[in-house]
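Number of protein chains: 2
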Amino acid sequence: MLALDLGGTKILAVLVSRDGHIIDSERRPTLATEGPPRVIERLFGAVDSLLERGGLDLSQLDSISIAAAGAINYEEGIVTLSPNLPGWRNIPLRDMVRERYGIEVFLMRDANAAALGEQRYGAGRGAHHLIYLTVSTGIGGGIIIDGKGYIGHSGGAGEIGHITIDVNGPVCSCGNKGCLEMLASGAAVAREARRRITAGERSALTEMVSSNIEAITAEYVGAAARANDRLAQDVIAQAANYLGVGLVNIVNIFNPELVIIGGGLAKLGDLLLEPARQVVMARAFPMAAQAVRIVPAALGDDAGVLGAALFARSRGEPPK
Amino acid sequence: MLALDLGGTKILAVLVSRDGHIIDSERRPTLATEGPPRVIERLFGAVDSLLERGGLDLSQLDSISIAAAGAINYEEGIVTLSPNLPGWRNIPLRDMVRERYGIEVFLMRDANAAALGEQRYGAGRGAHHLIYLTVSTGIGGGIIIDGKGYIGHSGGAGEIGHITIDVNGPVCSCGNKGCLEMLASGAAVAREARRRITAGERSALTEMVSSNIEAITAEYVGAAARANDRLAQDVIAQAANYLGVGLVNIVNIFNPELVIIGGGLAKLGDLLLEPARQVVMARAFPMAAQAVRIVPAALGDDAGVLGAALFARSRGEPPK
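Protein sequences, first through last, are from chains A and B.
Last residue of the first sequence: number 452 in my numbering, and the count goes up by one each step with no gaps.
Last residue of the second sequence: number 452 in my numbering, and the count goes up by one each step with no gaps.
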């Protein structure tokens, strides 16, 4: 089975065995700003390399399954809109890939795929009601109810990064205000560090980027925090607090048994998760707060392709 | 079948036919401040009256089913905590009613019951993914996924009134901050009107309550708004805006096909719902915003008992 993850920064193409082992993989940068046609060419390029390297021809594959960053029309196989893929608006990706390779293609939203992957093979094994959150440049969510992926009435469920937690907060690229993503994502961490340094605060970060403040990323902030830089620690504590507030909302709504946190910012581990857990214990309903475990993801970048493969195996129905 | 709704202000006991018709009903004030033993006595009194008036004996009933305002431990049949029922903490209501009447008893959370009732008999007929919100003194929620009531891992799902929409907002009785309930409930409407009048603003409300500002309720504010009182209209518009923000969160998370709004404040109709719908159209993800209908509840106070009856009929499993 061939599975793809089309993200805002990278394309990952893998061959997956029936039991969820990745046999071979091919990774390319998305270079999303070049627009859909070039990105799709690179996607094809990754698939072609994988086929060639494996000495495979298409008759040996049942299908190609794609997890894509964006809002997906599941019935039509269309990427309707993607904040992280400029120019992607109503792109019929499923049919385009099917025409190119002549085999069946499945298309799903990346966070839904990652939730399925983690549930079957990763940190969510055995859990029935779980929420997967990817905290990286943006914040995405995938919902598993009763062991099944939940995509909502028209495939758009799980936009947990775009719940308002500060009604008077900054305007988000989605058009909403005070979204969790504006306050607790990797982009938010980098933005807040840059803002405070530009306002005159001192931090080891300034030296780390040779005074090129715009070059500060969440990774730099994380590194500085680990090296005991006070400003970096403050900024991460603030993001962790906001993340905790978002988790309170999730816990009070879903009373899940498990919340899995993946994505780049989650690599901070307990520096991010422990304060967030404390907010949940302090502010969520006690019964629900005590019931939930909040854990890091286990599969890293592979969660999406593994979930996409499961989706294809269940013929496009959310797999149990 | 005998079904009960134990709320913060009233107890409703009904006899329900198998096809969901209410044959007879008995209503009593809860007088919740008198504490659990007296409230439970009144609950028994309502049941006894209903049995007596119908000339029924217990052998003619399969079971008694109760929808209660509060957090419920479904497995043990316990009201673990109830913000609207002072003193209710780990009250084994199911066993107490079973001991009294000697027949099977089911216990569930009231908003979950109302969601089931509306889905089967009311505004939610035919919908598979729906959210029920009761907007009265507080705000409660019930979630229907794939046609089934969703109660979460330990029975606590649906506390949609207690999602933070203003991270810097006022402290809620639940311990969280800036909860939807603190900003968009009937209590919030009354509180805000009282605050503004106490601060010196003029309103027809002052005369309506003979200058006894503490007597202002959401009902008065609604009546004043309909009579074109500017302050009352402002206060309701503000609550409707906050309600809209809460609905944006629900729509972005669940992508539901339907949101049903019940409870006392919903009697304001489009004065409340229309501005809230506009916030959803302006701020939620377009695909999800376009997919959802936001409608008033159809069953009024009967939704809870009808849902409780369905719950009993499915032997305590969330009915399809």
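Ideal placement from N, C-alpha and C gives every residue a C-beta, glycine not left out.
From a predicted model like this one, the values you see are computed outputs, not experimental measurements.
Are the C-beta of residue i and some C-beta of chain B separated by less than 8 Å?
i         : result
PRO218(A) : no
VAL237(A) : no
THR269(A) : no
ILE295(A) : yes
GLY307(A) : yes
If you compare alpha carbons, which of the options is closest to residue i?
i         : options                                    : result
LEU390(A) : ALA429(A), LEU403(A), ASP402(A), PRO418(A) : ALA429(A)
LEU262(B) : ALA200(B), GLY281(B), ARG226(B), GLU313(B) : GLY281(B)
ALA421(A) : ALA356(A), ARG445(A), LEU213(A), PHE386(A) : PHE386(A)
ASP454(B) : LEU438(B), GLU449(B), ARG447(B)            : Nothing about residue 454(B) can be reported from this structure: the residues present for chain B run from 133 to 452 only.
ALA372(A) : PHE176(A), VAL411(A), ILE172(A), ARG185(A) : VAL411(A)
GLU351(A) : THR330(A), TYR206(A), SER197(A), GLY401(A) : GLY401(A)
GLY249(B) : ALA435(B), GLY395(B), ALA444(B)            : ALA435(B)
VAL455(A) : LEU315(A), ALA289(A), GLY284(A), GLY288(A) : Residue 455(A) lies beyond the range of chain A shown here (133 to 452); nothing can be said about it.
GLY254(A) : GLU173(A), ALA441(A), GLY448(A), LEU431(A) : LEU431(A)
THR141(A) : ARG362(A), ALA164(A), SER317(A)            : ALA164(A)
GLY214(A) : ASP433(B), PHE417(B), ASP242(B), ALA441(B) : This sequence places Ser at residue 214(A); Gly is not what is there. It is PHE417(B).
SER197(A) : ARG160(A), GLY354(A), ASP242(A)            : ASP242(A)
LEU147(A) : PRO169(A), VAL383(A), GLU166(A), LEU182(A) : LEU182(A)
ILE292(B) : GLU346(B), LEU375(B), VAL211(B)            : LEU375(B)
ILE393(B) : ALA369(B), VAL427(B), ASN216(B), GLY270(B) : VAL427(B)
HIS260(B) : GLN251(B), LEU363(B), VAL267(B)            : GLN251(B)
ILE368(B) : ASN381(B), ARG326(B), GLU339(B), ALA331(B) : ARG326(B)
ALA414(A) : ARG328(A), GLU207(A), ASN381(A), ILE276(A) : ASN381(A)
GLU173(A) : SER195(A), ALA201(A), GLY202(A), ILE143(A) : ILE143(A)
LEU404(B) : GLN192(B), ASN384(B), ALA355(B), GLY256(B) : ALA355(B)
PRO168(A) : ASN216(A), GLU208(A), SER157(A)            : ASN216(A)
ARG232(B) : ILE276(B), ALA246(B), LEU175(B), LEU265(B) : LEU175(B)
Could you tell me whether any Cβ in chain A is nearer than 8 Å to the Cβ of residue i?
i         : result
ARG103(B) : No answer is possible for residue 103(B): it lies beyond the span of chain B, which begins at 133 and ends at 452.
MET419(B) : yes
ASP242(B) : no
VAL299(B) : yes
ILE292(B) : yes
ALA423(B) : yes
Check residue i in the structure and name its three-state DSSP category.
i         : result
SER335(A) : coil
THR162(A) : coil
VAL391(B) : strand
GLY137(B) : Here residue 137(B) is Asp; the residue named in the question, Gly, does not match the sequence. ASP137(B) falls in the strand class under three-state DSSP.
TYR264(B) : strand
GLY202(B) : coil
ARG425(A) : strand
SER181(B) : helix
SER446(A) : coil
ILE145(A) : In the sequence as presented, Ile is not what sits at residue 145(A); that position holds Ala. Here ALA145(A) sits in strand by DSSP.
ILE172(B) : helix
SER343(A) : coil
ASP433(B) : coil
Taking 7 Å as the cut-off, is the CB of residue i close to at least one heavy atom of the ligand COA?
i         : result
VAL237(B) : Here there are no bound small molecules, and the ligand COA is not part of this structure.
Exercise. Closer than 9 Å, Cβ to any Cβ of chain A: which residues of the region 361 to 393 of chain B, in chain order?
Worked result: ASN373, TYR374, VAL377, GLY378, VAL380, ASN381, ILE382, VAL383, ASN384, ILE385, PHE386, ASN387, PRO388, GLU389, LEU390
Exercise. Could you give the uninterrupted runs of the beta strand (DSSP E) lying entirely in the region 209 to 251 of chain B, keeping only those of 3 residues or more?
Worked result: 210 to 213, 236 to 241
Exercise. According to a CB-to-CB cut-off of less than 9 Å, which residues of the region 272 to 288 of chain B neighbour chain A?
Worked result: Closer than 9 Å at the C-beta level to chain A, one finds these residues of the region 272 to 288 of chain B: GLY273, ILE275, ILE277, ASP278, LYS280, TYR282, ILE283, GLY284, HIS285, SER286, GLY287, GLY288.
Exercise. Along the region 149 to 176 of chain A, what residues have a CB closer than 7 Å to any CB found in chain B?
Worked result: none
For this session: For the region 203 to 233 of chain B, enumerate the residues whose C-beta is nearer than 7 Å to any C-beta of chain A, in chain order.
Result: ALA203, THR212
Exercise. Along the region 339 to 359 of chain A, what residues have a CB closer than 9 Å to any CB found in chain B?
Worked result: none
Problem set entry | Any alpha helix (DSSP H) of 4 or more consecutive residues that is wholly inside the region 260 to 335 of chain A | 312 to 316, 318 to 330
For this session: At 4 residues or longer, and completely inside the region 357 to 419 of chain B: list those alpha helix (DSSP H) runs for me, N to C.
Result: Qualifying alpha helix (DSSP H) stretches, in chain order: 362 to 386, 402 to 415.
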